[in-house]
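Participant: Numbering (the working numbering), first residue to last: 1 to 393.
Every residue gets a Cβ at the ideal spot worked out from N, C-alpha and C, and that includes glycine.
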Amino acid sequence: MMGINRVKIDSNIIDYAIHKRRDFHKFPEIGFKEFRTSNIIKNELLDMGFEVQSGIAETGVIGIWPGEKNKPVIMLRFDMDALPIAEENEIEYKSTIKGLMHACGHDAHISIGLGLAKVISTHTKNNGATIKFVFQPAEEGLGGAERMVAEGVLNNPKPDYCLGVHVWNEKPINWVGIKSGPFMAGAITFKLEIIGKGGHGAIPNEAKDPIVASAIIIQALQSIVSRNISPLESGVVSVCSIHGGSAFNVIPQNVEIFGTARYFKPEIQKIILARIESIVNSIASSFNCDAKLEINEITPAVINNNDVIEFILNNTAKKYPEMEFETQYQSMGSEDYSFYLNEIPGCFIFMGAGLVSGEKRYGHHHPRFNIDERVIGNSISFLYEALTDLTEN
Ligand SMILES: [Zn+2]
Ligand SMILES: [Zn+2]
């Protein structure tokens with residue numbers, strides 16, 4: 001079934017994008033070291049006639065297709081980094097780099113970006129919009145977006161809107177996750193050191209036991225979501241690592257605890273942080289221990305602009321009768337695309353890419369992760385229609 005009034009994407013462009021995706025898949029690169037990837041992107045964009053800047057935040061590339069003065073500037077962002085995972089797929093384009101793999105689909109994102117750039121450069125007019133392609137390094141928890149913003153990616157020209165997609169293999173092809181407001185969670189990590197006084201396991205009264213204090217702290221941290229956050233809101237506090245002691249009869253000097261918290265709203269983040277601090281300090285001191293707490297903010301929540309989502313649903317989505325648009329989908333995963341959305345009205349959407357369902361399906365960050373490559377053509381088409389619709393508006 002063909003949608004009304006949508007531009008048919010040339011099959012040569014889709015083939016080109018898939019070919020590129022397989023090449024990037026073969027040669028994955030870790031965050032801030034995407035040198036080969038970045039070089040290919042730069043050369044491809046130059047060949048297509050884009051104005052190109054490179055070396056932003058180490059390996060970031062910007063490609064600008066200038067439009068008319070009174071028309072909007074639309075930014076599109078694509079992340080480029082792979083993960084420290086050894087690929088277990090048996091495919092002809094399997095990773096050739098030991099211990100590295102595109103296991104989140106960022107290889108597809110780059111190729112969607114390049115395919116879309118080809119569409120833009122062949123249609124030259126694009127309703128007069130200025131299109132700014134941003135290829136970003138180091139999305140996987142390394143702070144790539146924050147550095148791109150700090151290095152001025154949102155200036156000269158300043159975008160009026162930003163659009164971004166993530167291929168999503170939790171859902172099948174032709175599914176689209178598109179939601180107003182909170183979409184993906186904000187994330188912090190916490191590192192906690194409980195410092196006591198070591199001693200003999202049989203003479204605990206002479207020691208200050210950080211193990212007992214830690215056990216109670218970990219239990220109490222689980223009360224934050226259940227007792228301090230409204231049952232109508234969402235939050236997660238997870239302790240994921242604990243280390244202390246090395247012998248059955250020695251009370252150790254200290255215990256180290258690592259964990260993460262996720263939430264959608266700044267006010268929930270505030271409650272979680274305040275409660276972690278108060279629980280840790282008060283319990284540690286009641287057990288005569290000291291506590292060192294280190295909190296790192298990884299990403300704010302991804303909050304989609306309501307007007308942009310509404311507009312895309314009422315206009316662009318109507319051209320895709322064969323697609324299913326789920327408007328209440330959320331993920332507790334996090335994404336540094338939030339750094340752009342904090343400055344520019346825009347949206348981040350998930351494009352279904354699941355190959356199979358059930359036991360055989362391997363999720364994002366799994367050594368057997370893979371995607372239904374039809375998502376590449378779907379995404380190129382949808383982004384092209386969205387940006388031309390927004391320009392016409
Ligand atoms: Zn990922
Ligand atoms: Zn990702």
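Rank Met332, Lys208 and Ile30 by C-alpha distance to the C-alpha of Lys98 and give the top, closest one.
Facilitator: Of Met332, Lys208 and Ile30, the residue nearest in Cα terms is Ile30.
Participant: Could you name the residues of the same chain whose beta carbon sits closer than 8 Å to that of His394, not counting the 5 residues immediately before and after it, in chain order?
Facilitator: Any property of residue 394 remains undetermined from this structure, which presents the chain solely from 1 to 393.
Participant: Cutting at 7 Å between CB atoms, please list the residues of its own chain near Gly181, excluding the five before and the five after it.
Facilitator: These residues qualify, in order along the chain: Ile303, Asn304 and Asn306.
Participant: Note the first and the last residue of the continuous beta strand (DSSP E) segment covering Ile62.
Facilitator: Gly60 to Trp65 is the span of the beta strand (DSSP E), which, as asked, contains Ile62.
Participant: Would you check if the region 131 to 149 and the region 259 to 277 touch, i.e. whether three or more CB-CB distances between them fall below 8 Å?
Facilitator: Segments in contact, no.
Participant: Counting by C-beta, which residues lie closer than 6 Å to a heavy atom of ligand 1, in chain order?
Facilitator: So the residues near ligand 1 by this Cβ test are Cys104, Glu140, His364 and His365.
Participant: Check whether the region 349 to 369 touches the region 278 to 293, taking contact to mean three or more Cβ pairs, one atom from each stretch, closer than 8 Å.
Facilitator: Touching, no, given that fewer than three Cβ pairs across the two stretches are closer than 8 Å.
Participant: May I have a chain-ordered list of the beta strand (DSSP E) segments no shorter than 3 residues that lie completely inside the region 99 to 177?
Facilitator: Within the region 99 to 177, the complete beta strand (DSSP E) runs of at least 3 residues are 130 to 136, 161 to 172 and 175 to 177.
Participant: Does the Cβ of His102 lie closer than 7 Å to at least one heavy atom of ligand 2?
Facilitator: No - ligand 2 has no heavy atom lying nearer than 7 Å to the Cβ of His102.
Participant: What does Gly346 pair with, by DSSP beta-bridge criteria?
Facilitator: Answer is Cys162, bridged to Gly346.
Participant: One question on the structure: do Lys279 and Ala317 come within less than 8 Å of each other, judged by their Cβ atoms?
Facilitator: Sequence inspection shows Ile at residue 279; the Lys mentioned does not correspond to that position. Result no, Cβ atoms of Ile279 and Ala317 do not sit closer than 8 Å.
Participant: So what does DSSP say about Glu193, is it helix, strand or coil?
Facilitator: Reduced to three states, the DSSP call for Glu193 is strand.
Participant: State the CB to CB distance for the pair Met332 and Ala185, rounded to an integer number of angstroms; the pair is presumed to be in contact (CB under 8 Å).
Facilitator: Indeed, because the Cβ distance is near 5 Å, the residues count as touching under 8 Å.
Participant: Would you mind working out which of Phe382, Ile211 and Asp10 sits nearest Leu192, comparing C-alpha positions?
Facilitator: Ranking the options by Cα distance to Leu192, first place goes to Ile211.
Participant: Which one of Asn126, Ser95 and Asn89 has the shortest CA to CA distance from Asp23?
Facilitator: Ranking the options by Cα distance to Asp23, first place goes to Ser95.
Participant: Could you pull the DSSP bridge partners for Cys10 from this structure?
Facilitator: In the sequence under discussion, the amino acid at residue 10 is Asp, which differs from the Cys named in the question. None, per the DSSP bridge assignment.
Participant: For the alpha helix (DSSP H) containing Thr260, name the first residue and the last one.
Facilitator: Per DSSP, Thr260 belongs to no alpha helix (DSSP H); it is in the beta strand (DSSP E), Asn254 to Tyr263.
Participant: How about His200: is its Cβ closer than 7 Å to a heavy atom in ligand 2?
Facilitator: No, Cβ of His200 sits at least 7 Å from all heavy atoms of ligand 2.
Participant: Work out the CA separation of Arg36 and Ile13 for me, nearest whole Å.
Facilitator: Distance between the alpha carbons of Ile13 and Arg36 is about 22 Å.
Participant: Run the CB neighbour count on Met2, radius 10 Å, all protein chains shown included, and call it buried at 16 or more, exposed below.
Facilitator: Per-residue confidence for Met2 stands at a pLDDT of 49, beneath the threshold of 50, marking its modelled position as unreliable; the derived number appears in the next sentence. It counts as exposed.
Participant: Between the alpha carbons of Met323 and Ile195, how many angstroms are there, rounded?
Facilitator: When rounded, the distance between both Cα atoms is 56 Å.
Participant: Among all the DSSP beta bridges, which residues are the ones paired with Asn393?
Facilitator: Paired residue(s): none; Asn393 is not in a bridge.
Participant: Indicate, with yes or no, if ligand 2 has a heavy atom lying under 7 Å from the CB of His406.
Facilitator: The requested residue 406 does not occur in the structure, where the chain is confined to residues 1 to 393.
Participant: Helix, strand or coil for Tyr16 per DSSP?
Facilitator: Note: Tyr16 maps to helix in three-state DSSP.
Participant: What does the alpha-carbon distance come out to for the pair Ile203 and Ser338?
Facilitator: Taking the straight line joining both Cα atoms gives about 52 Å.
Participant: Determine the direct distance from the alpha carbon of Gly259 to that of Arg6, and round the result to whole angstroms.
Facilitator: Distance between the alpha carbons of Arg6 and Gly259: 47 Å.
Participant: Can you list, in chain order, the residues of its chain whose CB lies under 8 Å from that of His200, leaving out five sequence neighbours each side?
Facilitator: The residues are Glu206, Ala207, Asn249, Val250 and Ile251.
Participant: State the Cα-Cα distance for the pair Lys171 and Lys197, rounded to the nearest angstrom.
Facilitator: Those two C-alpha atoms are separated by around 51 Å.
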